[in-house]
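Number of protein chains: 2
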Amino acid sequence: MEALEMLAENISVVFVEPETPGNIGFLARAMKNFGLRTLILINPCELEDEAYYQAMHARDIVEGALIYRDLHEMIDSLEPDFLVGTTGVPGGSYNVDRIPLRPSQLADAIRPSSGTFILFGREGDGLSNEEIGLCDMVVSVPTSEEYPIMNITHAAAIIFYELFRDREFRCEGLEEASAMEKSLLLEEMDEILSLIDIPEHKQRVASRVFRNITGRAFITAREAHTLKGVLRRIKNRMKG
Amino acid sequence: MEALEMLAENISVVFVEPETPGNIGFLARAMKNFGLRTLILINPCELEDEAYYQAMHARDIVEGALIYRDLHEMIDSLEPDFLVGTTGVPGGSYNVDRIPLRPSQLADAIRPSSGTFILFGREGDGLSNEEIGLCDMVVSVPTSEEYPIMNITHAAAIIFYELFRDREFRCEGLEEASAMEKSLLLEEMDEILSLIDIPEHKQRVASRVFRNITGRAFITAREAHTLKGVLRRIKNRMKG
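Respectively, the protein sequence lines represent chains C and F.
Residue numbers for the first sequence, in the working numbering: 1 to 240.
Residue numbers for the second sequence, in the working numbering: 1001 to 1240.
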């Protein structure tokens, strides 16, 4: 978890010439959903109410946004370790051809301790070839060929999700049953199977089916407890 | 790639009581970005211009959306093989607790050949406990604890992305049990439960646990056949 916090601390999100205030808000909200805090706006549109409205509880990120007139001024001032460009047109007509990374590859490549700046381009035209040329890496979300142009903040949410995909779930009381609990279940089931009149090889098949299903079903500790009680009673009734 | 096309064909996206037309459009666009086509709206707000505007080139998906008055009517009419609920609050206060899957786990679990319906809830309140109770599985995007509530269409885009990330499907010759086959299994189980000596409310809990597990475990037709035979013999032995 410490690595994820360091990562969140060291990533800056750069929105280059945003055209609609609402998208600045949507972007800020997606950032905060994944623990990101630093937003940089390059020559943005007016920050109208809509930006704060769509940000919801990420209003603080919009309010604290750093604003620069152009990308060069930002780079000179903040000296990023890595610039990551995003594009919806993989393999387009960039001067320097490069293979865009998938979001998962970006996640593997990023170092939590480096100052990484992720650039999102204008809603209409994306990043220019010159801007892409400044970047150390380019990332693209794999999409349907029929309609590859994503909403910019949807693409951002997917990239943020990938960067923080190893985050733990907080789901108290919903722990998966342990291997021990599951094996106790299977023992009960095997006993039950031994009480019914089927050939041994069919018993083995049935036992295996139970084992496979139990393995696949993400059974919680509480569910395993319920099941074990029921199986015990079935067994007793069959013996009785 | 054929498996991905089959997957896209067999997934339906259900938006339950959407409150703002813009979000219907954003959702349709995200669907089309990943090759999804079937949108179902349950008791939606008026489909104003904003819905079509935000859909951009996915206007056809909004125009072709199926509309139902409530979820039960939709289920009766379309008979989904799998209902997947989405929630931003993992480990809530559901009657029968279950572990929410991560989007990547959902992607691993889904069968391209089954009719899978993914439910997204109201922008403000999400899905109700009753609606979640109807689902075979629940999926949740892991987020920052500080601000876990995502924009609904951002969460949808992340889930769609995971479903169609480039991967091989391992599914040859392993058809999933049909809804009918599974419901026969559950009937056998309920009969068995009625034969053991436990209070009625515990019987109901146990029945629900079996239903949830069966829903989650992607039981093949062959496995269902084995299980049904075994359950029938258990029942007979208990009666005997």
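We treat Cβ as the ideally placed atom computed from N, Cα and C, and that holds for glycine.
Quick caveat: nothing in here was measured; it's all calculated off a predicted structure.
Query, Result
"Segment contact, 8 angstroms Cβ cut-off, at least three pairs: the segment 177 to 187 of chain C with the segment 1044 to 1053 of chain F", "no"
"Through-space distance from GLU145/C to ALA156/C, alpha-carbon basis", "19 angstroms"
"Bridge partners - TYR68/C, DSSP secondary structure assignment", "ILE42/C"
"Spatially closest choice to ALA1217/F from ARG1165/F, ASP1136/F, ARG1069/F and ASP1190/F, by CA coordinates", "ASP1136/F"
"Beta-carbon proximity of ILE1024/F to PHE1034/F, cut-off 8 angstroms", "no"
"Host alpha helix (DSSP H) of MET219/C (start-end)", "Before going further, note that residue 219/C is Ile rather than Met in the sequence given. Counting along the chain, ILE219/C falls outside any alpha helix (DSSP H), and DSSP gives it neither H nor E."
"Best match in GLU200/C, THR86/C and LYS228/C for proximity to MET189/C [C-alpha to C-alpha]", "LYS228/C"
"In chain order, each beta strand (DSSP E) run of at least 3 residues that lies wholly inside the segment 124 to 180 of chain C", "137 to 139"
"PHE1026/F (DSSP reduced to helix, strand or coil)", "helix"
"SER1012/F (DSSP reduced to helix, strand or coil)", "strand"
"Spatially closest choice to GLY1126/F from ASP1108/F, ASP1049/F and THR1086/F, by CA coordinates", "THR1086/F"
"Residue from PRO148/C, LEU231/C and THR153/C whose Cα sits closest to the Cα of ARG187/C", "A quick correction: the sequence has Glu, not Arg, at residue 187/C. The option with the nearest alpha carbon to GLU187/C is LEU231/C."
"Inter-residue CB distance, VAL1084/F and ILE1061/F (contact presumed, cutoff 8 angstroms)", "About 19 angstroms; that fails the 8 angstroms criterion."
"CB contact below 8 angstroms: GLY1173/F versus chain C", "Bear in mind that a pLDDT of 45 at GLY1173/F, under 50, signals an unreliable position, so the number given afterwards is only what the model happens to contain. Cβ-Cβ to chain C under 8 angstroms: no for GLY1173/F."
"Top-ranked residue by Cα proximity to TYR1068/F, from PRO1044/F, GLY1133/F and LEU1134/F", "PRO1044/F"
"Given LEU1134/F as reference, the closest of LEU1047/F, ARG1211/F, LYS1239/F and THR1020/F once Cα atoms are compared", "ARG1211/F"
"DSSP-derived helix/strand/coil call for GLY1085/F", "strand"
"Contact set for MET1150/F: own chain, Cβ-Cβ below 7 angstroms, skip 5 residues either direction", "GLY1088, VAL1141 and THR1143"
"Integer-rounded CB distance, given that GLU1223/F should sit under 8 angstroms from ILE213/C", "7 angstroms"
"8 angstroms Cβ cutoff, ILE1213/F in contact with chain C", "yes"
"Cβ-based burial, HIS201/C [other Cβ within 10 Å; buried from 16]", "exposed"
"Beta-carbon neighbours of GLY35/C, restricted to chain F and to distances below 9 angstroms", "THR1143, SER1144, GLU1145, GLU1146 and TYR1147"
"Three-way DSSP call (helix, strand, coil) for ILE1118/F in this model", "strand"
"Interface partners of ARG1237/F on chain C, CB under 7 angstroms", "LEU195, ILE196 and MET238"
"Presumed contact (8 angstroms Cβ cut-off) between GLU1243/F and GLU1123/F, rounded CB distance", "Residue coverage of chain F in this structure runs from 1001 to 1240, which leaves residue 1243/F outside it and unanswerable."
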